[in-house]
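Residue numbers (this note's numbering): 7 to 430.
No residue lacks a Cβ here, since even glycine has one placed at the ideal position from N, Cα and C.
Here the structure is a predicted model, which is why all the values come from computation and not from measurement.
Here's the structure we're looking at; comments come further down.
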């Protein structure tokens, strides 16, 4: 059921609609090397086949998993001879091109420079992370999206009615609920949807594929989650941002999505602890305690019981007041240090364990806070030119509002209220 024309290939109108650059390039035959980046079953290989058919170029398909560079170089030499003798160019299609290491990817560069071949690479991984800069600079990257539910349904109907390449000769029908179930659970992967349909057709009793049959075939709902790939980072990012944005429902969903996909629960626990410090901060000091307790509880209980502790902590953090004041303060202080603002420690703050140090003024005129009313004292603790700097600026959120009130009161007592709040 692989699509044979651009119009048969569904779901990629953003790059293949009439007038779009890729379609214009294909129809004109003026191709350049390119990378197709998209999830499984989105049409990357099919599109490469269609391009070869439309342009009439020789098509050389290889997989980075099964083929080595030595083998591919030999094929490229044959392509060079074909171009020289017959004037016919070749498309070298490399599936899972991200599997090649840096040296292997660099091996393509001379041939791309000479224009010997048109390289089309397919990858499910982010090319920015998996492909070398020299290779990326010589190709165009086109992003393929997961197919929509309606696109999957059209593909299923085609397969059921096509007597030449599909299941049309069996004259099967599929219940609307069964079609919907496959389309929803395949996560935009046409190959997976067709596999489910084919297996259902093999085991169906009668002529109607029902929802119950599809559920039996699936056995367990398919989870789109790759612990080693980009989706791993996408979902943990969605989890952290949902928590930061105080959305407990989305926070719980992404947490469960990771757990169902086999993510290491302790990886999730570490992110929860990080969020407690970075996004909740002193607006709710108990958030850190609960986050660490959830990590300890998971280590004590294991799965699946310990996963409830992670959900407990995640929802607590999502509904807690938020403050990133400590995170922002630390970043500002680090920027000052990295920019070279590292003057010596003021003498009155230095320890003086030896007679010589005392003679040099170490510790001289230091004021011991506990000897003063309220246990606060007016003295500079930052060296010039940082003595007017304020890094920590508390918010009005939760517990931090009380800290802000207290600092304001202390500064008023010490006569520091006129100090610029931004430290400038």
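Closest option to residue 17, judged by alpha-carbon separation, among 211, 66, 398 and 155: 155. Taking 8 Å as the cut-off, the beta carbon of residue 75 is found no closer than this to the beta carbon of residue 98. Put simply, the region 349-359 does not touch the region 301-309. Fewer than three CB pairs are less than 8 Å apart. Restricting attention to 357, 344, 48 and 164, the CA atom closest to the CA of residue 185 is found in 164.
Spanning the alpha carbons of residue 288 and residue 323 requires a straight line of approximately 12 Å. For residue 64, the enclosing beta strand (DSSP E) has its first and last residue at 64-69. With respect to the 8 Å criterion, residue 274 and residue 129 are not classified as neighbours on the basis of their beta carbons.
Between residue 180 and the set 63, 24 and 216, the nearest pair of CA atoms involves 216. In this structure, the beta-carbon distance from residue 257 to residue 249 falls below 8 Å. Annotation note: the region 13-62 contains the following uninterrupted beta strand (DSSP E) runs of length 3 or greater, listed N- to C-terminal: 40-43.
Between the region 387-404 and the region 328-342 there are three or more inter-stretch CB-CB distances shorter than 8 Å, so the stretches are counted as touching. Counting along the chain, no alpha helix (DSSP H) covers residue 122, and no H or E run does either. 383 is the residue among 405, 296 and 383 whose C-alpha sits nearest the C-alpha of residue 422.
Nearest to residue 371 by alpha-carbon distance, out of 50, 115, 358 and 392, is 358. Per the C-alpha coordinates, the member of 106, 91, 82 and 341 positioned closest to residue 120 is 82. For residue 367, the secondary structure class from DSSP, reduced to helix, strand or coil, is coil. Per DSSP, reduced to three states, the secondary structure at residue 223 is helical. Collapsing the DSSP output to three states places residue 135 in a helix.
Spanning the alpha carbons of residue 34 and residue 69 requires a straight line of approximately 27 Å.
Residue 365 and residue 353 have their C-alpha atoms spaced approximately 11 Å apart. Residue 313 sits buried, since 16 or more C-beta atoms from the chains shown fall within 10 Å of its C-beta. Taking the Cα positions, residue 225 is about 47 Å away from residue 95. Take residue 158, set aside five residues on each side of it, and the residues of its chain with a beta-carbon closer than 8 Å to its own are 188, 189, 192, 194, 196 and 199, in chain order. For residue 101, there is no enclosing alpha helix (DSSP H); the residue is part of the beta strand (DSSP E) that begins and ends at 96-101.
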